[in-house]
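Q: Residue numbers for the sequence shown follow the working numbering, so the first one is 2 and each next one is one higher.
Each residue gets a CB set at the ideal place from its N, CA and C atoms; glycine is no exception.
Note that the structure is predicted; figures quoted are calculated from it, not measured.
Take a look at the following structure, please.
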Amino acid sequence: MADEPIISRGFRGRRAAAGRQSRIPPGQYEERDFPVLSAGPTPHTPLSKWDFTLRAVDGATMKWTWDELQALPHENITRDIHCVTKWTKLDTVWEGISVDTLVGAAAARGVQTAPFIVAYSDGGYTTNLPFDDLAGGKAWIAFGYDGKPLHPEHGGPARLLVPHLYFWKSAKWVRGIQFTAHNEPGFWEVNGYHDRGDPWREQRYTGDP
Ligand SMILES: Nc1nc2c(c(=O)[nH]1)N[C@H]1C(S)=C(S)[C@@H](COP(=O)(O)O)O[C@H]1N2
Ligand SMILES: [Mo]
């Protein structure tokens, strides 16, 4: 009886390790650091000049300043993230605003959604997504990480966070979302990467199933 707790602890430890392993998609490994992957230099847009835009296909727009965005309901988000370079980081903790919140506010002003979007960033980075991959609590504009303002190297002041897809879809330094009637491939998507990028289906490159 005396050593039963020790046996239980060991059992729970193995169960926990197996639990973590089951959260690593095929071809990925667990990373404990937070690597920085940027295709260009880190932009530094002052918050006084920063805004965020939603633009409909017909050109109707809604814009938020930094302060207006901060006044919207915030959410705390804990998710696993998966980079196509094969690292997966478990239980990353973010603070941000659901894309649903922005889309809802914009819809009330006549800014209509469309089947696809292109997210665009300071520095010129773009990435495309079906709107369905942003809607319904699947995507956020994140400005906090680990209880602190998001570091510029990781996309601060704000980045798109779409954790269920490979992390290149999570545009750093995001400034807006353009709705599009048709799919318009973004920066990595025209350079050989998969159009959708589901890590559980290993959709890494153009032509992967
Ligand atoms: N604007 C912008 N966003 C970007 C990138 C980039 O180069 N520019 N790289 C993407 C890629 S390939 C990855 S894996 C993640 C890396 O985010 P991190 O540097 O915070 O780890 O950002 C994505 N978002
Ligand atoms: Mo990446």
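DSSP three-state label for Glu32, please.
A: Of the three classes helix, strand and coil, the one that applies to Glu32 here is coil, per DSSP.
Q: Less than 6 Å between the CB of Trp88 and some heavy atom of ligand 2, yes or no?
A: Answer for Trp88: no, Cβ out of range of ligand 2.
Q: Any heavy atom of ligand 1 within a distance shorter than 6 Å of the CB on Trp174?
A: Answer for Trp174: yes, Cβ within range of ligand 1.
Q: Going by beta carbon distance, what residues of the same chain come within less than 7 Å of Lys170, once the five residues before and after it are set aside?
A: Within the same chain, Lys170 has close Cβ partners Thr128, Leu130, Val163, Gly198.
Q: Is the region 116 to 127 touching the region 169 to 188, taking contact as three or more C-beta pairs under 8 Å?
A: Flag = yes, the region 116 to 127 and the region 169 to 188 touch.
Q: Between the alpha carbons of Arg16 and Gly60, how many angstroms are there, rounded?
A: Between Arg16 and Gly60, the C-alpha separation is close to 53 Å.
Q: Figure out for me which residue from Ala108, Pro74, Pro44 has the closest Cα to the Cα of Trp141.
A: It is Pro74.
Q: Under 7 Å Cβ to Cβ from Gly1, same chain only, skipping five residues before and after it: list those, please.
A: Here the chain comprises residues numbered 2 to 210, so residue 1 is not present and cannot be evaluated.
Q: Which of the three DSSP states is assigned to Thr207 in this structure?
A: Coil.
Q: Just the Cα atoms here: how many angstroms apart are Lys87 and Glu31?
A: Answer to the nearest angstrom: the Cα atoms are 9 Å apart.
Q: Give the C-beta separation of Val200 and Gln29 to the nearest angstrom, bearing in mind that I take them to be a contact with Cβ-Cβ under 8 Å.
A: Reading off the sequence, residue 200 comes out as Pro, not Val. The pair is a contact, with the Cβ atoms about 7 Å apart (cut-off 8 Å).
Q: In angstroms, rounded to a whole number, what distance separates the CA positions of Gly105 and Glu76?
A: Cα to Cα, Gly105 sits roughly 16 Å from Glu76.
Q: Would you mind stating whether Phe168 and Ile78 have Cβ atoms separated by less than 7 Å?
A: Contact flag unset, no.
Q: What are the start and end residues of the beta strand (DSSP E) that includes Gly97?
A: 88 to 99 is the extent of the beta strand (DSSP E) around Gly97.
Q: Could you tell me the boundaries of the alpha helix (DSSP H) in which Trp67 lies?
A: 67 to 71 is the extent of the alpha helix (DSSP H) around Trp67.
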